[in-house]
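Here the protein sequences line up with chains A and B, keeping their order.
Residue 101 in the numbering used here sits at position 101 of the first sequence, with consecutive numbering throughout.
So the number in the numbering used here is just where the residue sits in the second sequence, counting from 1, plus 102.
Cβ coordinates follow ideal geometry from the N, Cα and C atoms, glycine included.
Reading through the structure tokens given below for one structure.
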Amino acid sequence: MIELAHLQVLSAGLFCIGMYGVLARRNAVLILMGIELMLNAVNLNLIGFAVFTDPDRALGQIIAIFVITVAAAEVGLALAIILRLYRQRSSVNVDELNMMKW
Amino acid sequence: MTTLVLFYIAAAIVVGGALGVVGTRNVVHATLFLLVSLMGVAGIYVLLFAEFLALVQVLIYGGAIVIVLLFALMLTRHREFRGRMENPQWPLAAMASISLFVVMIAAIFANPQEGSKEPNHTDFTDLGTSLFTQWAIPFEVASVLLLIALIGAIVIARSGDPE
Chain A
1 MIELAHLQVL SAGLFCIGMY GVLARRNAVL ILMGIELMLN AVNLNLIGFA
51 VFTDPDRALG QIIAIFVITV AAAEVGLALA IILRLYRQRS SVNVDELNMM
101 KW
Chain B
103 MTTLVLFYIA AAIVVGGALG VVGTRNVVHA TLFLLVSLMG VAGIYVLLFA
153 EFLALVQVLI YGGAIVIVLL FALMLTRHRE FRGRMENPQW PLAAMASISL
203 FVVMIAAIFA NPQEGSKEPN HTDFTDLGTS LFTQWAIPFE VASVLLLIAL
253 IGAIVIARSG DPE
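Structure follows, in structure tokens:
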């Protein structure tokens, strides 16, 4: 049978892969994908704890639904910001975005 | 035993897809790898008897988020990246990720959680009742958040006067 530790290890691995993507990529859209991976790792952990330690309430799944909602909102906003950025700088390379530095 | 084998297959899909996302040079391939990884997560939800979450995962991530990401790529892809896809700090990023992973694994095995042996099953009815009675206000707040975020996205992305 699946145990909680399996899920925790998988979730930790997915989170770290996503974190590498966020830290190492140069394209803003690929950074966004890394964030999605991290959010999914969190959800996996949440669902794991909910189904293994919370006997009769649906709380874990409901919080996971909220996380997915916020992720959807975040992707929509991030797309708008990236489009605006591309229009102004004609680049989505985050290494070149230094207009807030002085 | 069968569920464990299925879990390992799904976990391999998830991790392989995620490695594809962070490793490939082609941005469209990265998006498709992301889709593979997210569908693997949906498979794990099915194995944990969280069918509603699996459905939501397929609908929202497979149907909406990946499409939005593909749109973002399509609209910003005129100039390809030259040279590396990673910035110069990628070895540091890899070290940070691996050390975080080691720390988390150590923490997981140092504190084994007392849990039930079998996954508990929450059916649709309980989930819906709970969502629309006990969690009705957070649900409405989430709806308003989504609305505000989408209106904000339209306002930001609208072609106004370039400053």
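For B:Leu149, which option in B:Ile111, B:Ile258, B:Asp228 and B:Gln236 has the closest C-alpha, if you only look at C-alpha atoms?
-> Here residue 149 of chain B is taken as the residue at index 47 of the second sequence, counted from 1. Comparing alpha-carbon positions, the option among B:Ile111, B:Ile258, B:Asp228 and B:Gln236 lying closest to B:Leu149 turns out to be B:Ile111.
So the alpha helix (DSSP H) A:Ile62 belongs to, where does it begin and stop?
-> In the first sequence, the residue the question calls residue 62 of chain A occupies position 62. Per DSSP, A:Ile62 is one residue of the alpha helix (DSSP H) stretching across Leu59 to Arg89.
B:Glu188 by DSSP, collapsed to three states: which one?
-> Sequence index remark: in the second sequence, residue 188 of chain B carries index 86 (1-based). B:Glu188: strand per DSSP, three-state reduction.
Sub-7 Å separation of B:Leu155 and B:Tyr147 beta-carbons | Residue mapping note: residue 155 of chain B aligns to position 53 of the second sequence, counting from 1. Residue mapping note: residue 147 of chain B aligns to position 45 of the second sequence, counting from 1. Using a Cβ distance threshold of 7 Å, B:Leu155 and B:Tyr147 count as a contacting pair.
Classify B:Gly230 as buried or exposed, calling it buried when 16 or more other Cβ atoms lie within 10 Å of its own Cβ.
-> Within the second sequence, the letter at position 128 stands for residue 230 of chain B. With a threshold of 16 other beta carbon atoms within 10 Å, B:Gly230 falls short and is exposed.
State yes or no: is the C-beta of B:Pro124 within less than 7 Å of the C-beta of A:Ile17?
-> Indexing the second sequence from 1 puts residue 124 of chain B at position 22. Indexing the first sequence from 1 puts residue 17 of chain A at position 17. It should be noted that the sequence gives Val, not Pro, for residue 124 of chain B. For the 7 Å CB-CB criterion, B:Val124 and A:Ile17 form a contact.
Please name the residue, chosen from B:Leu233, B:Arg260, B:Ile250 and B:Gly254, that lies closest to A:Ala64 on a Cα-to-Cα basis.
-> Locating residue 64 of chain A in the first sequence gives position 64, counting from the first residue. If you compare the alpha carbons of B:Leu233, B:Arg260, B:Ile250 and B:Gly254 with that of A:Ala64, the shortest gap goes to B:Leu233.
Give the single residue among B:Leu140, B:Ala174 and B:Arg179 whose Cα lies nearest to the Cα of A:Leu77.
-> Counting from one through the first sequence, the residue named residue 77 of chain A turns up at place 77. Shortest Cα-Cα distance from A:Leu77 to any of B:Leu140, B:Ala174 and B:Arg179 involves B:Ala174.
Applying a beta-carbon distance threshold of less than 8 Å, which residues of chain A neighbour B:Glu220?
-> The count along the second sequence starts at 1 and reaches residue 220 of chain B at position 118. Within chain A, the residues near B:Glu220 are Met1.
Assigned secondary structure, A:Asn27 (DSSP; H/G/I helix, E/B strand, else coil) | Reading the first sequence from its first residue, position 27 is the one you call residue 27 of chain A. DSSP places A:Asn27 in the strand class (E or B) of the three-state scheme.
Of all the alpha helix (DSSP H) runs that stay within the bounds of the stretch 114 to 156 of chain B, which reach a length of 4 or more residues?
-> Qualifying alpha helix (DSSP H) stretches, in chain order: 129 to 149.
Just how far apart, CA to CA, sit B:Leu140 and A:Met100?
-> On the second sequence, position 38 is the one that residue 140 of chain B refers to. On the first sequence, position 100 is the one that residue 100 of chain A refers to. C-alpha separation (whole angstroms): 34 Å.
Own chain residues within Cβ distance below 6 Å of B:Val205, not counting five before or after | Here residue 205 of chain B refers to the residue found at position 103 when the second sequence is read from its first residue. Answer for B:Val205: no residue qualifies.
Does the Cβ-Cβ distance between A:Val53 and B:Gly217 come in under 7 Å?
-> For the purposes of this step, residue 53 of chain A is identified with residue 53 of the first sequence, where counting begins at 1. For the purposes of this step, residue 217 of chain B is identified with residue 115 of the second sequence, where counting begins at 1. The displayed chain sequence assigns Thr, not Val, to residue 53 of chain A. Going by C-beta atoms, A:Thr53 is nearer than 7 Å to B:Gly217.
Along the chain, where does the alpha helix (DSSP H) that runs through B:Pro240 open and close?
-> Translated into the one-based positions of the second sequence, residue 240 of chain B becomes position 138. Element bounds for B:Pro240: Ala238 to Ala259.
In the DSSP assignment, find the alpha helix (DSSP H) that holds B:Thr235 and state where it starts and stops.
-> Taking the second sequence and counting its residues from 1, one reaches residue 235 of chain B at position 133. That residue, B:Thr235, is in no alpha helix (DSSP H); it is neither H nor E in DSSP.
From B:Thr224 to B:Gln236, what does the alpha carbon distance come to, in whole angstroms?
-> As a working note, residue 224 of chain B is residue 122 in the second sequence. As a working note, residue 236 of chain B is residue 134 in the second sequence. Going by the C-alpha atoms only, they are around 16 Å apart.
Quick one: grab the DSSP three-state call for A:Asn45.
-> Locating residue 45 of chain A in the first sequence gives position 45, counting from the first residue. Helix at A:Asn45.
Cutoff 7 Å: A:Leu97 Cβ touching any chain B Cβ | Mapped onto the first sequence, residue 97 of chain A falls at position 97. A:Leu97 does not count as touching chain B.
Take B:Leu177 as the anchor and find which of B:Thr227, B:Pro240, B:Val129 and B:Val257 has the nearest alpha-carbon.
-> Counting from 1 along the second sequence, the entry for residue 177 of chain B is found at position 75. Proximity to B:Leu177 across B:Thr227, B:Pro240, B:Val129 and B:Val257 peaks at B:Val129, based on C-alpha coordinates.
Counting only beta-carbon atoms, is A:Met19 nearer than 7 Å to chain B?
-> As a first step, residue 19 of chain A is located in the first sequence; it is residue number 19 there, counting from the start. Yes, because at least one Cβ of chain B sits closer than 7 Å to the Cβ of A:Met19.
Opening and closing residue of the alpha helix (DSSP H) in which B:Leu177 lies = Mapped onto the second sequence, residue 177 of chain B falls at position 75. DSSP places B:Leu177 inside the alpha helix (DSSP H), whose first and last residues are Val168 to Leu177.
Listed in chain order, which residues of the stretch 145 to 159 of chain B have Cβ atoms closer than 9 Å to some Cβ of chain A?
-> Within the stretch 145 to 159 of chain B, the residues whose Cβ lies closer than 9 Å to some Cβ of chain A are Ile146, Tyr147, Leu149, Leu150, Phe151, Ala152, Phe154, Leu155, Val158 and Gln159, listed in chain order.
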